[in-house]
Amino acid sequence: MPASDTIAHLHLVEDEPDMAREIVTSLEARGYSVSHSVTAAAALEVLRADRSVAVVIADRMLPGGMDGLDMVQELRDEGIATPILVLSALGSVDDRVRGLNAGGDDYLTKPFAVAELVARVEALRRRPPDTRATTLRVGSLEMDLLSRTVRRGEREVPLLPREFKLLEYMMRRPDQVITPAMLLTDVWNYRFVPQTNVVDVHMGKLRHKIDEMGELPMIHRVRGAGFMLRAAD
Amino acid sequence: MRRTELFRAGPFRLALGFATALSVGMLLIFGFIYWQTSEVETRRMQRDLVQEAAVAAQTRDDILLYQLQVRIMSDYHRVTVAAWFDADGKRRYGNLDALPPDLPIDDKGHRLDIQTNDARPPQPAILAAAKRADGGTVVLGRAMDELLALQRVVARTLIAGLLPAVALVLASGVLGGARARRRVQTVQQTIGRIMGGDLRERLPLSGNRDAVDQLSARVNQMLDRIVHLLDEIRAVGDNIAHDLRTPLSVMRAKLERGLAAEEPEELRRGAEAALADLDKAFGMITALLRIAELEDSRRQAGFTTVDLAEVASEVFDLYEPLAEAQGVALAREDKGPLFVTGDRDLLIEAVANLVDNAVKFTPEGGRVLIRSGMGGIGGEAVPVVEVSDTGPGIPVAERAAVVRRLYRLDKSRHIQGNGLGLSLVQAIATLHGFKLVIDGNDLGAVIALICGAADGEALGNPAVWP
Numbered sequence: 001m002p003a004s005d006t007i008a009h010l011h012l013v014e015d016e017p018d019m020a021r022e023i024v025t026s027l028e029a030r031g032y033s034v035s036h037s038v039t040a041a042a043a044l045e046v047l048r049a050d051r052s053v054a055v056v057i058a059d060r061m062l063p064g065g066m067d068g069l070d071m072v073q074e075l076r077d078e079g080i081a082t083p084i085l086v087l088s089a090l091g092s093v094d095d096r097v098r099g100l101n102a103g104g105d106d107y108l109t110k111p112f113a114v115a116e117l118v119a120r121v122e123a124l125r126r127r128p129p130d131t132r133a134t135t136l137r138v139g140s141l142e143m144d145l146l147s148r149t150v151r152r153g154e155r156e157v158p159l160l161p162r163e164f165k166l167l168e169y170m171m172r173r174p175d176q177v178i179t180p181a182m183l184l185t186d187v188w189n190y191r192f193v194p195q196t197n198v199v200d201v202h203m204g205k206l207r208h209k210i211d212e213m214g215e216l217p218m219i220h221r222v223r224g225a226g227f228m229l230r231a232a233d
Numbered sequence: 001m002r003r004t005e006l007f008r009a010g011p012f013r014l015a016l017g018f019a020t021a022l023s024v025g026m027l028l029i030f031g032f033i034y035w036q037t038s039e040v041e042t043r044r045m046q047r048d049l050v051q052e053a054a055v056a057a058q059t060r061d062d063i064l065l066y067q068l069q070v071r072i073m074s075d076y077h078r079v080t081v082a083a084w085f086d087a088d089g090k091r092r093y094g095n096l097d098a099l100p101p102d103l104p105i106d107d108k109g110h111r112l113d114i115q116t117n118d119a120r121p122p123q124p125a126i127l128a129a130a131k132r133a134d135g136g137t138v139v140l141g142r143a144m145d146e147l148l149a150l151q152r153v154v155a156r157t158l159i160a161g162l163l164p165a166v167a168l169v170l171a172s173g174v175l176g177g178a179r180a181r182r183r184v185q186t187v188q189q190t191i192g193r194i195m196g197g198d199l200r201e202r203l204p205l206s207g208n209r210d211a212v213d214q215l216s217a218r219v220n221q222m223l224d225r226i227v228h229l230l231d232e233i234r235a236v237g238d239n240i241a242h243d244l245r246t247p248l249s250v251m252r253a254k255l256e257r258g259l260a261a262e263e264p265e266e267l268r269r270g271a272e273a274a275l276a277d278l279d280k281a282f283g284m285i286t287a288l289l290r291i292a293e294l295e296d297s298r299r300q301a302g303f304t305t306v307d308l309a310e311v312a313s314e315v316f317d318l319y320e321p322l323a324e325a326q327g328v329a330l331a332r333e334d335k336g337p338l339f340v341t342g343d344r345d346l347l348i349e350a351v352a353n354l355v356d357n358a359v360k361f362t363p364e365g366g367r368v369l370i371r372s373g374m375g376g377i378g379g380e381a382v383p384v385v386e387v388s389d390t391g392p393g394i395p396v397a398e399r400a401a402v403v404r405r406l407y408r409l410d411k412s413r414h415i416q417g418n419g420l421g422l423s424l425v426q427a428i429a430t431l432h433g434f435k436l437v438i439d440g441n442d443l444g445a446v447i448a449l450i451c452g453a454a455d456g457e458a459l460g461n462p463a464v465w466p
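Those protein sequence lines, which keep their order, are chains G and X. Read in the UniProt record's numbering, the first sequence has 86 at position 86, and its numbers run on one by one without any break. Read in the UniProt record's numbering, the second sequence has 268 at position 268, and its numbers run on one by one without any break.
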């Protein structure tokens, strides 16, 4: 569901043929154009030549002596700023992998839902401009970061601190699918996923406050993926 | 046993060293005795002979002759040399045919090979010569064969004593080496069998509590622990197989029904339901891997000072909306900051799991309380986080079992969950050296995380192992 006008071009680095085929097919079905290479060295060739690649998706474990994390390092050393999403096996999420989340790149553990993958790719593709603006605006929704107040049109929306943070995260990423896992890592700073989906409940409470009875909904639930904030009109 | 192996054996080397020290020591002792008998005795004899010769030089002719006669005649062992020559070197009396040409006449003792007129081959002797007033010379001496005989006895004693001693020491070294070697071989064979897969095998103990015994006992303890862990893993494997089979077969049925359906909408529903089941199975695998990761990591490098009250408040905020939605009153009680050393993220995860369980098992209208403060079971007070609920409680008999992986109480089978929450909390507690205590009654469960080595048990001490 790339929302931008041109077709986004992604590059996948994955050595397992089955996995690569599945990812490429799923992403192409959602409107991306996807190229694929098997080793980090081959991917570097592609990325040096083709700066139109929007996001690189790289498996952490790659053959040929250079893994996904080494590739991130190499790209940055060469001054190539293309964002990278590293796919990591469950048991190998160490501090180096977690560091990607802080450095403007991201990681995702296998197995993952395609919806989650797409949401992460979109988040990387449209990294929020880190503006100094003190006001965020999505449609009729307005957030004042200094006075910590939120208004929808004329109506003031009273929010708890956590709800304010949640809404701020969403207002910086309008029209994007935001998954519960993204909220847990980015808003709560948790490394774990609670057994019960508590994020849903928090979002439900926030939604009741933003979208009151009779108003057009702004916070939408995206089936099987997460949530999206969209201007009502 | 090959020879090289024998010489490499510790006891043999020790014996070799001991034999060398023994030899050096005995050689020193016998060297001293030898020196005493030869040098000191020789010098004493020289002094006596010089004195006697000097006295004889002053003696009157007839008395000297008499004295020399007595001297020679009373010498049954034929060791005495006594002779008197006049000024032109002619023998007046004595058992020497001529004045020895290489004997200086200087009132000093000298060591010479001398032939007396008893027709024996020349033999070493000590001689002293003195000039008389009339120009004659008196020679007195004594053969050294007694001394030489004594020296030979000393040497024989040395050989007779030293050789058996060295042989004895070396032999005991060989025997000791062989015995140590045999024990090591037994241990090696046993280890070979254990490595071959027979984990019930144990190293033999000789019972004399030496180093090898102590080591073997430790290895045996280690084997007990490994067997225990393997049993646990086997049980977990069985449980995983069992617990995965259920969602997988349900999933299969759903997919089958979807495929057989006439309506495409029905196929879609079946696929979606199967996907949800698959996610459940993956969730279980994720949790198992996470527990394994926690149990593996012995590192506490990331530990900092963490405020348990803040942890409790964080979890409270996370679960408050959920509890409210389920009609459960979530409450919190703390007595100010409560600092422990640990990993903040993991402690939040642990408390979140406890609260997750409590909210899940507490019926509508119930109450869940998160409490942080000083407490503990007996002894000194340590920081404690406690989560109590008004759910069905955990029967005493099953309290030890619930922290095991995949264990679920029968009455909780209908409640969503993978039976890994408490195992995860237990793993986090163990990593921190904390204790998980389950209490309560049939009016609710009380689960406490005792954040201190309450019994003075050090972290990493094998005694803490479950």
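Quick reminder that beta carbons are idealized off the backbone N, C-alpha and C, glycines included.
So with Cβ pairs under 8 Å, would you call residue 360/X a contact of chain G?
yes
Inter-residue Cα distance where the pair is residue 126/G and residue 35/G
20 Å
9 Å Cβ cut-off: residues of chain G touching residue 352/X
190, 192, 194, 195, 198
Looking at the unbroken alpha helix (DSSP H) that takes in residue 241/X, where does it start and where does it end?
211-260
Below 7 Å CB to CB, which residues in the same chain sit around residue 166/X once its five sequence neighbours on both sides are set aside?
19, 22, 23
Assign residue 45/X to one of three DSSP states: helix, strand, or coil.
Residue 45/X falls in the helix class under three-state DSSP.
Check whether residue 92/X and residue 84/X have beta carbons under 8 Å apart
yes
Residue 138/X, enclosing alpha helix (DSSP H) - first and last residue:
Looking at the DSSP string, residue 138/X is not in any alpha helix (DSSP H); the run it does join, the beta strand (DSSP E), is 137-143.
Rounded separation between residue 442/X and residue 370/X - CA only:
19 Å
Pull up the DSSP beta-bridge partners for residue 182/G, would you.
Its beta-bridge partners do not exist; DSSP assigns none.
Whole beta strand (DSSP E) runs in the UniProt domain "Response regulatory" (9-125) of chain G with 3 or more residues, listed along the chain?
DSSP runs (the beta strand (DSSP E)) wholly in the UniProt domain "Response regulatory" (9-125) of chain G: 9-13, 33-37, 53-59, 84-89, 106-110.
Closer than 8 Å, CB to CB, is residue 273/X near chain G or not?
no
Contact set between residue 202/G and chain X, taken where Cβ atoms lie within less than 7 Å
321
Report all residues from its chain with a CB closer than 7 Å to the CB of residue 322/X; omit the five preceding and five following residues, and keep chain order.
359
Can you give the Cα-Cα distance for residue 72/X and residue 80/X, rounded to whole angstroms?
7 Å
Look at residue 368/X and residue 389/X and say whether their C-beta atoms are less than 8 Å apart.
Yes, the pair counts as a contact, with Cβ atoms nearer than the cut-off.
Cα-Cα separation between residue 63/X and residue 35/X, rounded to whole angstroms:
38 Å
So which residues of chain G does residue 349/X contact, with C-beta pairs closer than 8 Å?
190, 191, 192
Return the Cβ separation of residue 308/X and residue 395/X in integer angstroms, given the expectation that the two are a contact with Cβ distance under 8 Å.
That belief does not hold up - the Cβ atoms of residue 308/X and residue 395/X are roughly 28 Å apart, past 8 Å.
Which chain G residues sit within Cβ distance under 8 Å of residue 217/X?
Chain G residues near residue 217/X: none, gap ~35 Å exceeds 8 Å.
Put residue 105/X into one of helix, strand or coil per three-state DSSP.
Reduced to three states, the DSSP call for residue 105/X is coil.
Own chain, CB closer than 6 Å to residue 120/G, minus 5 neighbours either side, in chain order:
85, 106, 108
Given this structure, state the Cα-to-Cα distance separating residue 104/X from residue 49/X, to the nearest angstrom.
14 Å
Would you say residue 151/G lies against chain X (beta-carbon separation less than 8 Å)?
no
For the stretch 285-345 of chain X, which segments carrying the alpha helix (DSSP H) assignment without a break, of at least 4 residues, lie completely within its bounds, in sequence order?
308-325
Between the stretch 421-432 of chain X and chain G, which residues of the former have CB atoms less than 7 Å from a CB of the latter, in chain order?
421
Quick one: what does DSSP say residue 264/X is sitting in, helix, strand or coil?
helix
Contact set between residue 162/G and chain X, taken where Cβ atoms lie within less than 7 Å:
317
Pull up the DSSP beta-bridge partners for residue 123/X, would you.
114/X
Residue 162/G versus 435/X, 318/X, 352/X, residue with shortest Cα-Cα distance
318/X
Taking only three categories from DSSP, how would you classify residue 62/X?
helix
Pull up the CB-CB distance for residue 432/X and residue 342/X, whole angstroms please, since I reckon it's below 8 Å.
Cβ-Cβ separation between residue 432/X and residue 342/X: approximately 5 Å, consistent with a contact (criterion under 8 Å).
Would you grab the beta carbon distance between residue 109/X and residue 46/X for me? Rounded to a whole angstrom, and I think it's under 8 Å.
3 Å
Assuming residue 82/G contacts residue 53/G under a Cβ cut-off of 8 Å, what Cβ separation, rounded to an integer in Å, is found between them?
6 Å
contact_flag[the stretch 177-185 of chain G, the stretch 331-339 of chain X] where n(CB pairs < 8 Å) is 3 or more
no
Are the Cβ atoms of residue 270/X and residue 257/X separated by less than 8 Å?
yes
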